[in-house]
Structure formats: structure tokens, C-alpha cells
Amino acid sequence: MAMAAPSARMLTANRLKDGAVLYWKAGAWVEAFEDADKFADAAQAEAALSDAQRFVAANAVVNPYLFDVRVEADEVHPVKEREIVRAAGPSVLRAPARETSERGNPKPERSEYEI
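All the letters of the sequence shown, read from the start, carry residue numbers 0 to 114 under numbering that gives the first Met the number 0.
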């Protein structure tokens with residue numbers, strides 16, 4: 000069975016400060032996929048992408064781009080696997096901070112075979 004053609008596009012980027020996935024909403028960025036603007040009109044999508052470049056110039060976000068979504072009833076579904084993963088949230092947890100030496104350098108991990 001063939002997948003339905005994309006019915007809209009959304010705009011995404013990453014926050015430069017911490018790498019968080021962001022989505023475009025009314026001229027600003029939000030973290031919630033569900034809250035973001037959906038563009039059925041290609042010209043509106045391109046205009047939003049162009050407007051997003053001011054956040055790149057201000058070093059607030061990196062790599063804004065448009066991606067395809069399917070809108071079915073009141074639900075929005077990303078088409079590509081990459082966007083499905085990004086919309087689901089972080090796929091890794093941050094590791095706890097490592098101990099540091101007096102100089103502030105990470106202490107080497109000890110092997111269980113070391114004496």
C-alpha cells in the first residue's frame with residue numbers, strides 16, 4: 000500500500016545553545032512539535048524559512064529547514080524517519096558528569112584489571 004502524499008510542511012532547526020530541536024510558530028521558535036505551524040502553501044513555507052534566517056544571523060539557531068508532514072483529521076505525522084525521531088524527543092540521556100582532577104581534566108577511567 001502506498002503512503003499518502005505529504006499534505007503540508009513544517010519548519011525546524013536546532014537551538015545553538017543546547018542543541019534542542021525547535022519548531023516554527025508565528026515568527027518564533029517553540030519546542031513542542033504539536034504547537035508548530037503547518038504550511039499547506041509552499042510560498043508561505045518558503046517565506047517562513049527565509050524569516051528564520053534572522054535567528055541564524057543572531058546565532059540563536061542552526062540549520063533551519065522545511066520537512067514534509069501528513070495531516071490526517073486533527074493529527075500531524077512527520078513523513079521521514081529522521082523527523083519522526085526528532086519529534087519524539089531526545090533519543091539519548093545525558094551522561095553524568097565525570098570526576099575531574101585538580102587541574103579540571105577528566106580523570107581516566109580505571110580498568111577492573113588495573114592494580
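Here a beta-carbon is modelled for each residue, glycine too, at the ideal position from N, C-alpha and C.
Opposing strand residues paired with residue i [DSSP bridges]
| i | result |
| --- | --- |
| Asn115 | Lying outside 0 to 114, the shown extent of the chain, residue 115 is not represented and no answer is given. |
| Asp73 | The partner list for Asp73 (beta bridge, DSSP) is empty, contrary to what the question assumes. |
| Gly7 | Strictly speaking, residue 7 in this sequence is Ala, with Gly absent from that position. Ala7 is bridged to Val68. |
Close Cβ partners of residue i (< 7 Å) along its chain, the five nearest in sequence each way excluded
| i | result |
| --- | --- |
| Ala7 | Lys37, Phe38, Ala39, Val68 and Val70 |
Sequence-distant residues of its chain with Cβ nearer than 6 Å to residue i (five each side left out)
| i | result |
| --- | --- |
| Ala44 | Arg8, Phe38 and Leu65 |
Classification of residue i by the beta-carbon crowding that lies within 10 angstroms, buried from 16 upward
| i | result |
| --- | --- |
| Val84 | exposed |
| Val60 | buried |
| Ala35 | buried |
| Leu10 | buried |
Own chain residues within Cβ distance below 8 Å of residue i, not counting five before or after
| i | result |
| --- | --- |
| Ala46 | none |
| Lys24 | Asp34, Ala35 and Asp36 |
Straight-line Cα distance separating residue j from residue i
| i | j | result |
| --- | --- | --- |
| Gly88 | Ala27 | 19 Å |
| Ala56 | Ala72 | 37 Å |
| Pro79 | Asp17 | With the sequence shown as reference, residue 79 is identified as Lys, and Pro is not the correct amino acid for it. Distance between the alpha carbons of Lys79 and Asp17 is about 24 Å. |
| Ala31 | Val75 | 12 Å |
| Pro77 | Pro5 | 9 Å |
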